[in-house]
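Count along the sequence shown starting at 1, add 2, and that's the number in my numbering. Glycine included, each C-beta is placed from N, C-alpha and C at the ideal position. These numbers come from a predicted model, not from an experiment.
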Amino acid sequence: MIKFLDLHKLNLRFEAEFQEKFKQFLDSGFYILGEQVTNFEKQFANYCGSKYCIGVGNGLDALVLIFKAYLELGWLKKNDEIIVPANTFIASILAIEEVGLKPILVEPDVETYNISATNIENYMTPRTRAILIVHLYGQLAHMKAINALAQQNDLIVIEDAAQAHGAVNNEGIKSGNLGHVAAFSFYPTKNLGALGDAGAVTTNNKHLSDTIKKLRNYGSSSKYTYDHIGRNSRLDEIQAVFLSVKLKALDSDNRKRQEIAKYYLSKIKNQKIELPFYDMSKSHVFYAFVVRVKRRQEFMDYLEENQIETLVHYPIPPHMQKALSHLNSLSLPATEAIHNDIVSLPMSPVLTFGEVEIITNVINRYS
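Shown next, in the form of structure tokens:
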């Protein structure tokens, strides 16, 4: 069986260094917000090109803490409207809802699956205060046009970069430094994945950084002194150790993903399979390689019969979820069509080209 993602094989490459660093961690006797978290925050800020990085518990908390900080600073207020892609993972919308803001779901561009400046403008109202950009499947949104629109309308631009670690635009700027602030998830399946839950926020704004640092730690500015109603969402010290080790391999891992994507794109020749858009730049790091197929379940069953695992990112769009029943009446045909057809093929830096060739040949025989 060719696994969709072999996490054991992925992390086995780092086992010796993990063990060495874990012993150092144990010997330190310091387990919460210690030197390892500080070191990783500096490393990841430097990697993204941002001034500040704040390690937090997970990607959802990264988003929630961003919105809470903007509310605490008075730059957002309750019931402000936040533009968000309709076809994102539900966490993007849950974060907006949790803090009392209003998500405005925008249809994506059907070629890139990301929202465009044109689509955003069509959904804006006088109550719009921020745009939450999701670099879906690892591909950067067209940030130049989006930032220009935001600047014209005095809007905050927030990146949900949970699937786009290391993606670079044509000016050499990485995800995490393309808006006012960015949220990252280091869930184990991500391009930069921890060995458990973990997340981070990157920004160049000191006021925002300082506020998020307090909010992640109960709202505390110093021990037993609390400036805000915060939460407990601190990047775990041991996950910071693992992330620091894996960060060194991120760029080479992304290059391998891009090479696999180029192979799929050049070798899959089946009119029943709609391949994803890719401009061959570093702007797409292929967290997922997503194709569209009209008879999705039949296609997935066929691949499983041929010992190939697949996944769907994601089968049910957020506005059709029971948890968001107040959005169930929305009509979002492009989003619904995408969620009905998409299938993610195996994609990881430990996938061999022999396996990629097998996958491609099996797909080309599908009829």
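Shown here for Arg129: same chain residues with a beta carbon closer than 8 Å to its own, the five before and five after excluded, namely Asn81, Asp82, Glu83, Lys104 in chain order.
Per DSSP, Lys271 has no beta-bridge partner at all. Given a length threshold of 3 residues, each whole run of the beta strand (DSSP E) inside the stretch 266-315 is given here in chain order: 291-294. In the DSSP assignment, Gly201 falls within the unbroken beta strand (DSSP E) covering 201-205. A direct Cα-to-Cα measurement between Leu334 and Asn124 gives close to 14 Å. Here DSSP, grouped into helix, strand and coil, assigns Thr213 to helix. The stretch 242-257 makes contact with the stretch 36-47; the number of CB pairs closer than 8 Å reaches 3 or more. Under the rule that a run must span 4 or more residues, the alpha helix (DSSP H) segments found entirely inside the stretch 109-137 read 119-125. In the structure shown, the three-state DSSP call for Leu103 is coil.
Its Cα nearest to that of Cys50, the residue Lys176 stands out among Leu332, Ser222, Phe6, Lys176. In summary, Phe91 is buried, with 16 or more beta-carbon neighbours lying within 10 Å of its beta-carbon over all protein chains present. In this chain, the alpha helix (DSSP H) harbouring Asp29 covers 17-30.
Boundaries of the beta strand (DSSP E) harbouring Ile344: 344-347, taken from the DSSP string. Setting aside the 5 residues that flank it on each side, Val101 is surrounded in the same chain by Val66, Phe69, Lys70, Leu73, each with a C-beta closer than 7 Å to its C-beta; the list follows chain order. Beta-bridge analysis with DSSP links Glu83 to Lys104, Thr130.
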